[in-house]
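Before any comments, here is the structure.
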Amino acid sequence: MQDHRDGECQEKNWKLSDGVVDRSVERGRRRGVVFTGKEGEKRRRKKRGKKWREIARNWEEMVYRKGMREGKGGVLRAGIVLIAGFSAVMLGMMSYSFIYLQRDKSACIVPAMYPSYMRLIEFDKRYTKHADKYNLYLYREKKLGNLHDLYGIPVLFIPGNAGSYKQVRSIASEAANQYSMLQLDPVLSKQYRKNLDFFAVDFNNDFTAFHGQTLLDQVDYSNEAVKYILSLYKKVKKVENVSSEPYIPNSVIVIGHSMGGIVVRVMMTMPNYLSGSINTIITLSTPHLLPPILFDRKMKDIYDSVNKFWSYSYFYKNESNPLNSVSLVSITGGNLDIMVSSDYCDVSSLVPKSHGFTVFSSSIPMVWTGMDHQAILWCDQLRKVIVKSLFDIIDSKSVNQTKPLSSRIRIFKKYYLMSIEDSVENKFLKASLISPFLRRKAVYDIFPSKSRYVLKSFEAKSSGCQRIYFLPISPRNIFNFTTFSLFTDQRVTGTDKDQIKIFLCKLHPSFMTKNSDFRFYQNLTKSDLKMLKCKDSKDDLIRLPSQSNIKKIQTYFFTYLEYTNSQLDDYQFIAVVDRINKNRKVQSKIRPIKFSWNAFRVTLGANRPLVSDINIPGIDNSLFAYKLKMNYFGCDHSFFPPVIKQYISSPYESKYF
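Under full-length UniProt numbering, read the sequence shown as residues 1 to 657, first letter to last.
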C-alpha cells in the first residue's frame, strides 16, 4: 500500500514539474507556465549560456575598444611628451642664449642730481577736461637758478607706459649743469644765451600700452599742455617787460620715452594740435612700428592711423606737408632692452633721411654702450650727448627759437652718427678757408711722396713754437689712391687748446697755373707755404673707444679721419699742426681701405690698410646670431692695439670690440 502511494506521489511530482502553476497576485490572477525538473533545468542552462556568451561578447568588444583607445592614447601621449620635451629644450637654449650669449655689457655711469618739481596748478579744468587725473610740472635743479624764471627754450618730457614725470630729472639736471658751466666762459656765454626749461606731464603711472583710450586721453592732455606752456612765455614777456628778447618761443622740443614717443606722434594728428607747436622730437626706446602688447583693438587702429599719417605726409609739397619742419630722432638701447624690440624703433619707413633717423646707443660717440629700457633715461653718457645736441640747435634769433630743419638734422648727425659709415657726410666742404696755424716761429716739414706716413716723434721745443707736417696729396694718376685716412691717439677736437689740429690746404692760384708738376709741391719755401689757404677738418673728426673701461673712455679715445680722393682733388697738402711739447704718436696712411669679401674667412696681411672694411652681405637678420673669431699676431713695434667695429647702416648701429 505504502509503495503504491509512494509511486503515485512520485508520478504526481513528475507531472507537477511540467504542469501549469497558477500564481496569485494581489489584484487578479495571472497564468504563467513554469517549467520544473529536467526541462526547466535545461532551459535555465541554455538561458544562462546565452547570458554568458553575451557578457563575453560585450567584454571582448569592450576590451577591443579600450585597446584601440589605449593605442591611440599612447601615440597621443607620446607625441605630447615629445613636443613638451622639445619645447623645454628650446626654451632652455633660448634662456641660455638670452642670459649668456649675444648680450651687451651695460657700462652706463649713474649720475648725481638734485631735483625739484613745481606743479603748475593754474593748468586746470579751464584748459583741459583731464585736469582731475593728470598734472603738469616744471623741473628745476636745486641751487641753480630761480624756480620761476622762464627765459629759456621749453622742453616737454612725456613718460611711457606706467612711467613717472620724475624720470625727466636726469636729462634736465644735466642741462642745468651744462648751462651753468657755459655761462662761466665769456665767449660761450654769448653763443648759448638761453637755457632749457624742462616740463613734464604726470599721467599717474597709467598703463598706456594696454588701453587705446588711455593713450588718446594723454594725447589730448599733452596738446593742451603745449598750448599752456607757450602761453607762459607770453605772460612772462608781458609782465617782466623783457624787451631785449626779440622773439618768444612758439614751438616746444619734445622728448618721449617708450609709449611717450607714440603720444607725441599722435598729438600731431589730433584736431586740438596747435600747428607748428612741435618741431623737434627725440624718442627713447619707443616702439614706432608696432605696439609692444596688443590687448586692445583700438590700439592697433591708432598705430595704423598715425603711421599712415606720417608716411603719407611726405608725399605732399612743403606747403601742404604738416610735418615739413619736424625732425625725429629715435634712439634705441639694443639687445639690453627686453621690453621693446629694437626693430620696432626703426623710423626709416615713416620719415625720410632729411627729417630723421634711428640710432643705437652703442653707435653714439662717447656713449658706445647698450642700455636697458630704464637706463636709457638716466645713463650719464647718453644724457650728456642729448643735452649738448639740444643746446646746439637753439637759435634765439629765430622765430621758432630753433635752427632750420636741415641744420638740426646736421647737428643731430654730428652728435649721434659721427662714425665711419658712408652714410655720414663730410662737412669740410662748407668750411671757410683760413690760415690760423702759420706762426712766426713755426717749424715746417714737407714729407716725401709715398703712400704711408708714421709720425711718432712730436717735439715742439716750447709752448710758443709749433711744428707743422705737410703731407703732399699726390694726384690719382701717380699712386691711384682712393682714400686718405688718419688714425691717432691724440686729442683732436677742433678747439684752440687741442694738442693737434688737422687742415686741408691748397696753394695760391698763381702757383697752380705756373707749376703743375707734383714735384714742385715738395720744394716750396716757407714764404710759399704762408700763402696756403686751408680748411679745418674739426667737423669731420671721428672718435673711437680706446679702453674697455667706460670711465677711461671719456678721457682716452682714438681719433679717426677719412676723405675720398674726389673730396681731395682741389687740395695739395694735408697739414698736421703739432702743439705738443713732449713725445706723442700719430699714425696716418694713404691707401685703399674698403674691401668687399664674399667669404667668411678673411686674412689681412702685414701690409694691410689702416682700416679694412669687410662687407658680409645677407647676415643682417636679427633672428640669427653669428660668432666672430679673430686671430691676431702682434709685433713688438705696433703702435695701436686692433679695434674691431661691427656696424650696419640702416638703422645706424655700431659696436666696438
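The C-beta atom is built at its ideal place from N, Cα and C for all residues, glycine as well.
No Cβ-Cβ contact shorter than 8 Å links Val264 with Trp310. Here the alpha carbons of Tyr127 and Leu156 stand approximately 17 Å from one another. In the structure shown, Asp380 falls within a helical segment according to DSSP collapsed to helix, strand and coil.
Per DSSP, Gln646 lies in no alpha helix (DSSP H) segment; the continuous beta strand (DSSP E) that holds it begins and ends at 645–648. CA-to-CA, the gap between Lys535 and Phe470 works out to about 14 Å. Beta-carbon to beta-carbon, Asp489 and Phe558 are separated by about 6 Å, close enough to satisfy the 8 Å threshold. Arg140 sits in a strand when the DSSP states are folded into three classes. Closest option to Arg297, judged by alpha-carbon separation, among Ala209, Tyr233, Gln218, Thr280: Ala209.
If you look at Glu319, you'll find it isn't in any beta strand (DSSP E); DSSP assigns it neither H nor E. Between the alpha carbons of Val367 and Gly152 lies a distance of about 27 Å.
Beta-bridge analysis with DSSP links Thr483 to Thr564. Inclusion of Asn321 and Ser330 in the CB contact set at 8 Å is not warranted, their separation being larger than that value. Contact annotation: Val252 and Ile229 have beta-carbon atoms nearer than 8 Å. Around the Cβ of Ala84, a 10 Å sphere holds fewer than 16 other Cβ atoms; the residue is exposed. In the three-state reduction of the DSSP assignment, Leu604 falls in the coil class.
Between Ala575 and Ile468, the gap from beta carbon to beta carbon is short of 8 Å. The straight-line gap separating the alpha-carbon atoms of Lys105 and Leu144 is approximately 34 Å. Lys129 and Pro159 have their C-alpha atoms spaced approximately 20 Å apart.
Look at Val226 here: in three-state DSSP terms it is helix. For Ile262, the three-state secondary structure derived from DSSP is helix. The C-alpha of Gln191 is placed about 10 Å away from the C-alpha of Asp185. Beta-bridge partners assigned by DSSP to Gly256: Ile158, Thr283.
Around the beta carbon of Ser87, fewer than 16 other beta carbons sit within 10 angstroms, so the residue counts as exposed.
Look at Val187 here: in three-state DSSP terms it is coil, with no helix or strand label. Around the C-beta of Glu60, fewer than 16 other C-beta atoms lie within 10 Å, and the residue is accordingly described as exposed.
Phe360 is a Cβ neighbour of Gly334, given a cutoff of 8 Å. For Ile614, there is no enclosing alpha helix (DSSP H); the enclosing beta strand (DSSP E) has its first and last residue at 613–615.
Only residues of its own chain outside the window of five on either side were considered, and among them Ile644 have a CB closer than 7 Å to the CB of Met630, listed in chain order. For Pro154, the closest alpha carbon among the candidates Ser164, Gln167, Arg140, Lys166 is that of Arg140. Comparing alpha-carbon positions, the option among Phe484, Ser164, Leu544 lying closest to Tyr563 turns out to be Phe484. Taken in chain order, the complete beta strand (DSSP E) segments of 3 residues or longer contained in the segment 302–362 are 327–332, 356–360. Of the candidates Asn250, Ser277, Ser341, Phe315, Ser341 places its Cα closest to the Cα of Pro292. Around the beta carbon of Thr286, 16 or more other beta carbons sit within 10 angstroms, so the residue counts as buried. Beta bridge pairing from DSSP links Ile574 with Leu471, Leu504.
With fewer than 16 neighbouring CB atoms inside 10 Å of its own CB, Lys42 falls in the exposed class.
When DSSP states are grouped into helix, strand and coil, Lys300 belongs to the helix group.
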